[in-house]
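Anchor point for the sequence shown: position 380 equals 518 in my numbering, and the numbering is continuous, going up by one each time. Glycine included, C-beta positions come from ideal geometry on N, C-alpha and C.
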Amino acid sequence: MLKGALSLIVSLALAMPVAAQDAGLRTRVEAALVQAGTGTRFGLYVVDDQGREVIAISPDNRFMPASNTKIFTTATAWATLPDMTGPDATGGAAVRLEGRDVVLVGNGDARLSSADDCKTDCLGTLADAVAAKTRVVHDVIGDDTLFPDERWSPGMSWNNIPTRSGTGISALTIDDNEAVVTVMPSAAGTPATVALPGYYTVDNRVMTVAGAKSAVGFDRAPNTYELRLTGTIGVDARPERLRVGIDDPARYAAWRLAALLRARGVRVTGAIAVRHRPLLPADDPAVRGAAPPARPPAEPVLAKLTPPPLAGDVRITNKVSQNLHAELFLRRVALVAGSGSIADGQVAVRRVLAQAGVPRTAFDLSDGSGMSTYNRVSPRGVVTLLRWIATQPWGTAWRDTLPVGGIDGTLARRFAGTILDRKLFAKTGTINATNALSGYMTAASGRALTFSIIANDMPADASATKAMDAALVLIAAAN
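So this is what it looks like as structure tokens:
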């Protein structure tokens with residue numbers, strides 16, 4: 139009996155410091171988080187490599203995740219698409235001739251390039267094929283009918299549409315669906331000089347001024363072609379490069395192909411045209427039932443590109459938080475058993491999350507990139523998904539696509555010089571009144587931790603990232 143009592147006393151003694159440490163850690167973490175500003179809501183969930191809870195603050199509340207949405211999208215792509223590590227045999231753009239018309243067909247590739255120094259996945263290769271076949275063409279047509287015409291997801295803020303963050307989504311994508319506009323100073327008191335592609339016209343209201351910092355802004359009404367530039371540029375300032383979003387990528391791609399054909403001596407006698415597929419009830423799985431709509435058989439092509447492996451595109455998507463590429467992944471997984479619609483993409487995501495054991499109440503998603511303000515996730519749900527990813531054959535490869543603290547991507551300038559320098563692998567997320575960070579980290583003891591921390595409702599344009607990073611450093615130091 140005495141031996142049993144002593145064992146109980148020893149057990150209680152050992153347990154007390156752990157409980158005190160946990161309580162102390164929570165107090166320190168909460169003190170770090172309160173620095174984010176009045177009104178900020180936090181969700182935090184951290185577990186160890188055995189799935190044991192390390193700390194939890196509102197782990198089951200739902201938050202807007204911003205680009206943490208890309209975790210859901212890219213994991214679904216890796217779990218769903220047939221070959222992520224081999225050449226992308228299905229995704230490459232193609233050209234065919236229909237009489238004297240040239241048709242440029244998009245197949246969902248995110249990396250098609252028309253750059254002068256392009257080395258792979260080049261629109262110029264398709265232009266060469268046309269030039270080798272004929273010296274005169276009529277219309278140049280961009281065909282993005284592989285996906286229904288859903289260029290913007292539900293819940294995306296309209297003010298993002300003119301920017302590279304809100305560019306239109308299309309099965310026919312080129313140059314990240316961005317146009318570069320360069321604003322240069324002129325003489326003081328005169329309008330700035332503007333260089334831009336002929337695809338847009340410009341309403342230039344930027345004035346060159348002496349002794350002032352440059353502040354150049356731009357805007358454009360959706361589905362229009364006039365870009366309004368406003369603000370000032372210093373007389374001695376360097377040129378400002380603006381990256382402007384494209385609303386109709388299929389049209390822009392056809393326009394770029396026509397320019398490359400002319401550069402190769404091919405006469406273009408017709409117009410630039412597009413072919414879109416309207417979004418129909420049959421594109422919604424809830425309306426049509428289980429079977430996706432049938433597509434017409436593929437027509438013969440003159441030439442077709444084979445882009446690099448999709449695994450490399452997941453790396454681009456997660457490292458720099460590329461919205462367009464994430465949205466194209468959502469639509470490509472939607473093609474596996476559906477019509478390529480956003481709704482079919484969300485069916486694919488829900489199927490993977492069910493396999494991962496993520497409760498249906500832990501998420502509602504409306505897009506693939508995180509630009510939608512309709513998205514909601516819980517930190518516990520994110521951690522459940524991350525732990526499942528780690529058990530998959532592709533889990534290590536997927537983790538390697540995440541930004542690394544203090545090293546690269548969107549975390550290149552965060553955690554440097556801390557105990558998490560080079561020891562945190564996570565997806566960032568930033569949108570109005572939202573910061574998020576979810577992934578994996580190695581604690582001071584060497585323990586592997588999986589975490590998700592999300593901040594919503596920060597006041598004004600405040601950021602919660604410093605408070606979040608401080609909290610994670612505290613957690614890593616205590617474990």
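Residue i - containing beta strand (DSSP E), residue span
i, result
"Y183", "179–185"
"D341", "339–347"
"I195", "191–195"
"V278", "278–286"
"M370", "A small fix is needed here, since residue 370 is Thr in this sequence, not Met. Start and end: 364–372."
"F356", "353–357"
"M606", "Counting along the chain, M606 falls outside any beta strand (DSSP E), though it belongs to the alpha helix (DSSP H) covering 603–615."
Own chain, CB closer than 7 Å to residue i, minus 5 neighbours either side, in chain order
i, result
"G476", "P423, P430, D482, V485"
"A409", "D277"
"G355", "T368, G369"
"C260", "S251"
"L440", "V233, R234, L235, A267, V268, K271"
"V192", "V184, V185, D186, L587, I613, N617"
"N199", "G181, S516"
"A118", "Any answer about residue 118 is impossible in this case: the structure gives the chain only from 139 up to 617."
Short CB-CB distance (under 8 Å) between residue i and chain D
i, result
"I209", "Checking the listed chains, one finds no chain D in this structure; it contains a single protein chain."
Rounded distance between the beta-carbons of residue j and residue i, thought under 8 Å
i, j, result
"G175", "P597", "5 Å"
"S324", "T346", "5 Å"
"A500", "S479", "23 Å between Cβ atoms; not a contact."
"T301", "G383", "5 Å"
"S252", "L398", "7 Å"
"L558", "L612", "Actually they do not touch by this definition, with Cβ atoms about 11 Å apart."
"D607", "F553", "6 Å"
"Y197", "Y183", "One point to set straight first is that residue 197 is Pro, not Tyr, in the sequence displayed. Contact flag correct, Cβ pair sits at about 4 Å."
"G506", "T207", "7 Å"
"K565", "S205", "7 Å"
"L462", "I307", "7 Å"
"R366", "R400", "Their Cβ separation, rounded to whole angstroms, is 29 Å, which puts R366 and R400 out of contact at 8 Å."
Residue i versus the options, residue with shortest Cα-Cα distance
i, options, result
"L468", "L395, R402, S504", "S504"
"N594", "G567, A586, L587, R166", "G567"
"Y338", "T320, A169, S352", "T320"
"S352", "L250, D559, E378", "E378"
"T572", "A375, F201, L587, E364", "F201"
"T556", "A615, S196, L310", "A615"
"A213", "V354, L448, I371", "L448"
"V185", "D160, R376, I209, V274", "D160"
"L219", "N342, K442, R525, V452", "V452"
"G280", "D254, A269, T311, K271", "T311"
"A359", "V340, D374, P329", "V340"
"R560", "G533, R514, G547", "G547"
"V318", "I307, Q530, A270, V332", "V332"
"P531", "D221, I193, E191", "D221"
"A330", "S308, D374, Y363", "D374"
"A396", "V241, S601, A227, T165", "V241"
Cutoff 6 Å; reference residue i; Cβ partners in own chain excluding five residues on either side
i, result
"G229", "N245, G246, D247, P445"
"F563", "R537, L540, V542, G577, Y578"
"A215", "F467, V471"
"G519", "V496, A500, F501"
"V167", "A609, L612"
"L524", "T588"
"V474", "T218"
Exposed unless 16 or more other CB atoms sit within 10 angstroms - verdict on residue i
i, result
"K604", "exposed"
"K257", "exposed"
"A143", "Summary for A143: the model assigns pLDDT 41, below 50, so the residue's position carries little reliability, and this model does not support an answer."
"Q460", "buried"
"A581", "buried"
"W393", "buried"
"P387", "buried"
"N297", "exposed"
"N570", "exposed"
"S590", "buried"
"D255", "exposed"
"R415", "buried"
"T534", "exposed"
"A170", "buried"
"G403", "exposed"
"V629", "Nothing can be reported for residue 629, as the shown portion of the chain is limited to 139 through 617."
Delimiting residues of the alpha helix (DSSP H) encompassing residue i
i, result
"A392", "387–401"
"D483", "Correcting the residue type first, residue 483 is Gly in the shown sequence and not Asp. Looking at the DSSP string, the run of the alpha helix (DSSP H) that includes G483 is 480–494."
"A571", "No alpha helix (DSSP H) contains A571, which DSSP labels as neither H nor E."
"M222", "Counting along the chain, M222 falls outside any alpha helix (DSSP H), and DSSP gives it neither H nor E."
"G262", "261–271"
"N297", "From DSSP, N297 is part of no alpha helix (DSSP H); its letter is neither H nor E."
"T211", "207–218"
"N361", "From DSSP, N361 is part of no alpha helix (DSSP H); its letter is neither H nor E."
"I454", "448–458"
Close beta carbons around residue i, own chain, < 8 Å, minus the five adjacent residues each side
i, result
"L417", "P286, D287, E288, S479"
"T263", "A441, L443"
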